Every structure is written in C-alpha cells, then in structure tokens.
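See below for the structure under consideration.
There are 2 protein chains.
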Amino acid sequence: MISHKIVPNISVDCVVFGFDFEKLNVLLVERELKDEKNGEILISDHTLAGYHIFEDEDLDSAASRILKGLTGLDNIFLEQFGAYGQLDRVSAPKDKVWFEHINKGFADRVVTVGYLALIDNTKVTLRLKDRNVSWFPVTTVSEMEMAFDHKFLFYEALQALQRKVKVEPIAFELLPDYFTLSQLQKLYEALLGTSFDKRNFRKKVAQMHYVIPLKKKQQGVAHKPAQYYLFSREVYEKTRKGRISFII
Amino acid sequence: MISHKIVPNISVDCVVFGFDFEKLNVLLVERELKDEKNGEILISDHTLAGYHIFEDEDLDSAASRILKGLTGLDNIFLEQFGAYGQLDRVSAPKDKVWFEHINKGFADRVVTVGYLALIDNTKVTLRLKDRNVSWFPVTTVSEMEMAFDHKFLFYEALQALQRKVKVEPIAFELLPDYFTLSQLQKLYEALLGTSFDKRNFRKKVAQMHYVIPLKKKQQGVAHKPAQYYLFSREVYEKTRKGRISFII
DNA sequence: ACACAATGTGTAATATGTACACGAACCTTG
DNA sequence: CAAGGTTCGTGTACATATTACACATTGTGT
Chain A
0 MISHKIVPNI
10 SVDCVVFGFD
20 FEKLNVLLVE
30 RELKDEKNGE
40 ILISDHTLAG
50 YHIFEDEDLD
60 SAASRILKGL
70 TGLDNIFLEQ
80 FGAYGQLDRV
90 SAPKDKVWFE
100 HINKGFADRV
110 VTVGYLALID
120 NTKVTLRLKD
130 RNVSWFPVTT
140 VSEMEMAFDH
150 KFLFYEALQA
160 LQRKVKVEPI
170 AFELLPDYFT
180 LSQLQKLYEA
190 LLGTSFDKRN
200 FRKKVAQMHY
210 VIPLKKKQQG
220 VAHKPAQYYL
230 FSREVYEKTR
240 KGRISFII
Chain B
0 MISHKIVPNI
10 SVDCVVFGFD
20 FEKLNVLLVE
30 RELKDEKNGE
40 ILISDHTLAG
50 YHIFEDEDLD
60 SAASRILKGL
70 TGLDNIFLEQ
80 FGAYGQLDRV
90 SAPKDKVWFE
100 HINKGFADRV
110 VTVGYLALID
120 NTKVTLRLKD
130 RNVSWFPVTT
140 VSEMEMAFDH
150 KFLFYEALQA
160 LQRKVKVEPI
170 AFELLPDYFT
180 LSQLQKLYEA
190 LLGTSFDKRN
200 FRKKVAQMHY
210 VIPLKKKQQG
220 VAHKPAQYYL
230 FSREVYEKTR
240 KGRISFII
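Quick note, the sequences are listed as chains A and B, same order.
The first sequence runs contiguously to residue 247 in numbering that gives the first Met the number 0.
The second sequence runs contiguously to residue 247 in numbering that gives the first Met the number 0.
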C-alpha cells in the first residue's frame, strides 16, 4: 500500500512526446488558478506533467505513476534526462503564488528529476479529453506561456531526445507496432528538423536488419499502398555491431 | 555567504576519472568508522566523493564545491549522469550504521544526483595525500568493497562516459593541454576497452581538424620523439558537421 | 657504433554516403 | 471506364570512409 505522503522538496516532471504521422507533439497540462472569492483567473498557462514523489516510491515509479494517470498506459518508454535544482526555479510572481498554494510552504526549493517519455499516439487518444491535458506541436512551444522553468525543461528533453535518437533505436517507441517507411522517415525528419532523400533513407534502413518488412500492405489509400514494417528489438540486440548510427 | 545548512534528503556524488597515460583511474574516498569507545574499526571501505547539498546552492554548485575541496581545482569538466532514488540505497547493515551516524535520522531515503568528472591528472597530484582519497584503476573497482550503491553508481558513470566519449570530444578533458597521438590512442583504448590500429587511428584523427599539431616535440625520451598536439574547442565548434563519430 | 624503443607513414580492397528521376499501383472524378 | 492525382518503390555513378597490414626513422643509452 502506498502512503501518498509526499516528499516536499523532490518532484518528477515528464516531457511526453507523441507523433501523429505529421509532426512531433508534446503533452502539456493546462494550469489554472482562480481566486477563491471572486473566481477571477489568476494564472492560466501550461505545465509539464509532474508531481512530488511519495516517501515510499522510487523516482522511476513516480514517473510511471504520473504517466499511468495521464494516459492509462503502463510500459511506456521512460528515461531520465536530468535533475534540476536551481534556486530560482520558482521565480516568476505567478509561480510563487501557485507554489504557495500547492506547496503550503513545505520547502523553499524543489529539485525535480526530468523524465522523457515516448508514446505511441495510436494507443492513447481517449482519456485525455476529460482532463485539462492535450497535445501541442513541439514547434509551437516556443510561443507558449509555461510555468516555472518548464519551458527550459522541455527544451532540455527535446535536446536529449534528438541526441539519443541518433544513437539508439528509440524513435520506434513513437510509432505503432507496424509502420511504413515513409512514416519512419517523416518521424526522423520531425525529430531532427531535417529532411532526407527517400532513396538514401531507405538504403540506410535496409542495413538495419531489425526493421523487418511484413507481408501486409496499406489498405484504402488513394495511391500505391505502402508496405508495413516492424521493429524487432530482439534482432536489434543480437545484430548491433556498436557501429550503427541512426543519423541518416 | 553560504549557510552550510544541508538538505537532508538530497546529495550529489561525483565519479571522478583520471588518466595516467596508461590506464583510467577513479578517485575514491576511504571510509572508516571506529567504535567511539574502544576504537575498533566498524567499517572500512570506499565511497564516491559526495555530500548533501546545501539549502542555498544548486546541484551543480554542490558538485563543484566537492571537487574543489578534493582537488583544489575549479573549472573541472562536470556533467550529470543520473539521479538515483531507490528506496534501498542504504540497505547493507554497515551502511545503516554509517547512515545513522552521519545523517542523524534526518531522512529515510536520500536521492543522489550523480556527476561525472574528468580531470587532467597532470594538474592535480598533491592535495590528495593529506586526505583519505586516492586513485584506483577502474579495472580494479569490481573487486573493491564499496559503500551504499556506490559501486553501481560508478558503473553507471563509466557507461555514461563510454557512451559520451564516442560522440563528443570530452576525452581531451583527461589529457594535458598538449599530448601525443599515442597518448590519445591509449586514452581511447583505456576508455573503451578496445585497441586500435595505429595508422587507422591517426587517419581518423587527421579528419578531426580540431586536433592540431604543434611545433613542439617530446624531449628526453629514449626513442624517436613524438609530436605534440592540441585540442581546439573553437575549431571543433566551428567545423563540426554533426556527423563526426568518435568511435574509431 | 650498435642495440633499443616508440614514432610516423601508404596502399589496395571494401563499404558507406550522396546526389539525383521516373515508372508502378491504387483511388477518385467525370 | 479513362484520365488524373498521389504516394510508393527503385538504381547508378561518384566521392568518402573503413579496414587490414609492415617497415624505415629518430632519438637515447651503453
């Protein structure tokens, strides 16, 4: 049984990425604080999905818990990208108000551990509407109002993602179980902000023996149907020479 | 002015690497706890260099402070490799004794942020002897007695180092300002536990325009003297195409 | 002057990266 | 049912990078 007694000065924040076959998106929570008397909106902006850890849970468990609550999914790809303990994390006046409100003066400075989560959009669509949580294109984040240092944390996560995606086959976490090569290419282009030549991209993928063509083809599309592919982690683990770069 | 009031449940631990032109070493602190009455040694093993953070300092500052105290050096390469908050970090009986002793029952579980530090051995040799701190070859760590989860943290740091060294020019942090290509090769071999062909290694380095030959040569060696080289971060920043891999 | 020890260099075969254009398959529309 | 629209899937020539492999050079020490 979990106590739910929080550790006041330690939190986790999750930067959850998703891909809609067009662009990369991030899951953000709408934050709203109303004046208790007149209902006037004091704060309205966005935060990452995060919360204090509980006294009897690991950092990883805390992040899993938050993601489960948000998406209903277990077994999401989840990896730390850093710990942040700047003294001025809560510096804007509005954040101070909020901080007082939720933190009840427990701690001056909260150290937060940032988690990068990658999820397959096709497996989660529903449970989001009933909460104040939604997807935002990563390209729009720069113009958004965000709480605390969450915009900074977001960019830290994005950088970590871009670094890792070149070296480990984690991009597949953002795709459904089977996918076309064009989808894979669009994903890498969205992740890295570049564009690739189709033939060269496919030549590269052909060397990755863990991206395996299926018999299945696309159906009901108004053009030549594409073949579906599969990412096999087993084959990846067995065949990697430590040399493969996912940079195209 | 720093208050020196500690945050009881947050610490940093530094895994400090050095290179002696032969092998990779790590800086460890000897830990000894004696019985207050009869002087009997209760614990004798090794820990990473770490301590609680202070209430009015950042995580990075705490790590810098610890390293400064240990080596007398500022401006050391320092990078987080992870945050660790397992509930059983202090599980062995001896560690519990120690924990009670230094922590005075303040907190049940300490979250520690791991820092990877790379230092140029030639700049620090002195100040270590007067403390219970010394260098150990990384290859011997597996057989050492270590406190808490510090052996685990060490291996986490080593893995992070091996990953990063392939992708960023951080190995140079372990070398003096100028160095020979043989030294550079030995370093990479020590870091990655492999060995390279001399000619191919040098061909690879020749592509790295930020490794610049000096006029200077070795002196007083009983063989053909080697040329010295320099790592230029400026040239690196300017000329990197995002493609260079430090994997040889 | 000779032995010793580490430095510094080239070539050929293979693999990888890059630039670039068009027919094929399926759906939609008139 | 023919024509048009859209995305899929493919090959070649050139430049660059990787790999495997052996010996003369330059200094010191005796």
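C-beta: ideal position from N, C-alpha, C; glycine also.
Note that the coordinates shown come from a computational prediction; the quantities given were computed from them, not determined experimentally.
Neighbour list for Glu54 (chain A) in chain B, Cβ cutoff strictly below 8 Å: When 8 Å is used as the limit between beta carbons, Glu54 (chain A) is near these residues of chain B: Asp107 and Arg108, in chain order.
Measure from the alpha carbon of Glu29 (chain B) to the alpha carbon of each residue in B:Leu229, B:Ala146, B:Tyr228 and B:Asp87, then state which is nearest. Comparing Cα-Cα distances from Glu29 (chain B) to each of B:Leu229, B:Ala146, B:Tyr228 and B:Asp87, the minimum goes to B:Ala146.
List in chain order: all unbroken beta strand (DSSP E) runs of 3+ residues lying wholly within the region 175 to 228 of chain B. The beta strand (DSSP E) runs of length 3 or more contained entirely in the region 175 to 228 of chain B are, from start to end of the chain, 210 to 216.
Between the alpha carbons of Val140 (chain A) and Phe20 (chain A), how many angstroms are there, rounded? 19 Å
Bridge partners for Trp97 (chain A) per DSSP, in chain order? DSSP, once it has assigned bridges, lists no residue as partnering Trp97 (chain A).
His45 (chain A), DSSP secondary structure in three states: strand
Looking only at its own chain, which residues have a Cβ that is under 7 Å from the Cβ of Gln182 (chain B), when we skip the five neighbours before and after it? Phe20 and Leu174
On a CA-only basis, which of B:Ala62, B:Leu41 and B:Ile42 is nearest His51 (chain B)? Give me that one, please. It is B:Ala62 whose Cα lies nearest to the Cα of His51 (chain B).
Where do the N-terminal and C-terminal ends of the beta strand (DSSP E) with Gly270 (chain A) fall, by residue? Since the displayed chain A opens at 0 and closes at 247, residue 270 (chain A) lies outside it and no answer follows.
List the DSSP bridge partners of Glu29 (chain A). A:His45
When DSSP builds the beta bridges, which residues end up paired with Pro92 (chain A)? According to DSSP, which records beta bridges pairwise, Pro92 (chain A) is partnered with nothing at all.
Would you kindly work out how many angstroms separate the C-alpha atoms of Val123 (chain B) and Glu155 (chain B), rounded to a whole number? 24 Å
Between which two residues does the beta strand (DSSP E) harbouring Ala82 (chain B) extend? Phe76 to Tyr83
Phe230 (chain A) versus Asn24 (chain A) - alpha carbon distance: 22 Å
Should Glu144 (chain A) go down as buried or exposed, given a rule of 16 or more other Cβ atoms within 10 Å for buried? exposed
If we ignore side chains and look at the alpha-carbon of each, how far apart do Trp97 (chain B) and Asn37 (chain B) end up? 17 Å
Go through its chain and collect everything with a Cβ distance to Arg232 (chain B)'s Cβ below 6 Å, but skip five positions before and after it. none
For Ala189 (chain B) and chain A, any beta-carbon pair shorter than 9 Å? no
Which residues, in chain order, does the region 74 to 89 of chain A contribute to contact with chain B at a C-beta distance below 9 Å? Of all residues in the region 74 to 89 of chain A, only Gln79, Gly81, Ala82, Tyr83, Gly84, Gln85 and Leu86 place a beta-carbon less than 9 Å from a beta-carbon of chain B.
So which residues on chain A does Val112 (chain B) lean against when the C-beta distance must stay under 7 Å? Ala82
Taking only the alpha-carbon atoms, compute the straight-line gap between Thr248 (chain A) and Asp87 (chain B) and give it to the nearest angstrom. The displayed coordinates of chain A run from 0 to 247. Any statement about residue 248 (chain A) would go beyond what the structure contains.
Find the residues of chain B that neighbour Asn8 (chain A), judging by a C-beta separation of less than 8 Å, and give them in chain order. Val6, Asn8 and Ile9
State buried or exposed for Lys237 (chain B), treating a residue as buried only when at least 16 other CB atoms are found within 10 Å of its CB. exposed
Which residue or residues does DSSP assign as beta-bridge partners of Val110 (chain A)? The partner list for Val110 (chain A) (beta bridge, DSSP) reads A:Ile9.
Exposed or buried, which one is Asn131 (chain B) when buried takes at least 16 other CB atoms within 10 Å? exposed
Candidates B:Asp59, B:His3 and B:Asp44, of which the one nearest Val11 (chain B) by Cα: B:Asp59
Three-state secondary structure assigned by DSSP to Ile247 (chain A): With a pLDDT of only 42 at Ile247 (chain A), under 50, the local geometry of the prediction cannot be trusted, and no value is derived from it.
Report yes if the CB atom of Gln217 (chain B) is closer than 9 Å to the CB atom of Ala225 (chain B), and no otherwise. yes
Which residues of chain B have a Cβ atom closer than 7 Å to the Cβ of Asp57 (chain A), listed in chain order? Gly84, Gln85 and Leu86
C-alpha gap between Asp55 (chain B) and Asn74 (chain B), whole angstroms: 21 Å
Contacts of Val166 (chain A) in chain B (Cβ-Cβ under 9 Å): Correct list: Arg162, Lys165 and Val166.
Which two residues bound the contiguous beta strand (DSSP E) that contains Phe135 (chain B)? Run containing Phe135 (chain B): Val132 to Pro136, per the beta strand (DSSP E) assignment.
Cβ-based burial, Glu78 (chain B) [other Cβ within 10 Å; buried from 16]: buried
Distance, Gly81 (chain A) Cα to Leu160 (chain B) Cα: 15 Å
Starting from the C-beta of Phe178 (chain B), find all residues in its chain whose C-beta is less than 7 Å away, skip the five residues before and the five after it, and write them out in chain order. Tyr227 and Tyr228
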